Amino acid sequence: MKNLIVLFAILLSISSCAQQKGDKPKSAFPVKEKIEKSESEWKSQLTEMEYYVLREKGTERAFTSELLNVKDEGTFVCAACALPLFSSETKFKSGTGWPSFYEPINAVNVAEEEDRAYGMVRTEVLCARCDGHLGHVFPDGPKPTGLRYCINGAALKFEKK
Ligand code: FE
């Protein structure tokens, strides 16, 4: 019986590999389809702070997120649509007061857009599935990418491994 289960698991993994072949870009967490909701739907679903950050592109006050000091292993998902966005493995202490990561969990899950607000040119980071504003990415991060994804904790939820 045990052998049968193992065999089944092997077969399953082979078939899922075959399915992924040729898919571009490869993603462990594919963005299946866009999630679009009206602003009133988002408003009723999200907390005030989540709505302010995700839908109105606001920024939470530095050092206010309870996710700032999370050191457990797990995944940071979009607070609006639960798409996995960042792994705890890429979280680092930036000293900025916002949760910081050097890489998204998968490039396709995070969208980037030029942001020229407030007389600065920055790169805005958004959830690729629901277009929720997450924060910005800067080119002054640590190795191996040299990038610093400066993310509002209000835009994320932590799922402990
Ligand atoms: Fe999302």
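With my numbering as the guide, the letters of the sequence shown map in order to residues -11 to 149.
Even glycine gets a Cβ: it sits at the ideal position worked out from N, Cα and C.
From a predicted model like this one, the values you see are computed outputs, not experimental measurements.
ask   = For T84, which residues of its own chain have a beta-carbon under 7 Å away from its beta-carbon, when the five flanking residues on both sides are left out?
value = A50 and C138
query = What residues in its chain sit with their C-beta under 8 Å from that of T111, if we drop five residues either side in the sequence?
reply = Result list for T111: E100, E101, E102, D103, H124, V125 and F126, in chain order.
message = Within 8 Å of any Cβ in chain C, is that where the Cβ of V113 sits?
response = No chain C appears in this structure, which consists of one protein chain only.
inquiry  = Is the beta carbon of A67 closer than 8 Å to that of A143?
reply    = Yes, the Cβ-Cβ distance between A143 and A67 is below 8 Å.
request  = Can you say whether S88 is buried or exposed, counting buried as having 16 or more other CB atoms within 10 angstroms of its CB?
outcome  = buried
ask   = For G141, which residues of its own chain have a beta-carbon under 8 Å away from its beta-carbon, when the five flanking residues on both sides are left out?
value = E48, T52, S53, E54, L55, L56, W86 and P87.
message = Among A105, T63, V98 and G107, whose alpha-carbon lies nearest the alpha-carbon of V113?
response = Ranking A105, T63, V98 and G107 by Cα distance to V113 puts V98 first.
Euclidean distance between Cα positions of E77 and A105 = 31 Å
query = Can you list, in chain order, the residues of its chain whose CB lies under 6 Å from that of W37, leaving out five sequence neighbours each side?
reply = Strictly speaking, residue 37 in this sequence is Met, with Trp absent from that position. A142, listed in sequence order.
query = From the DSSP output, which residues share a beta bridge with E102?
reply = T111
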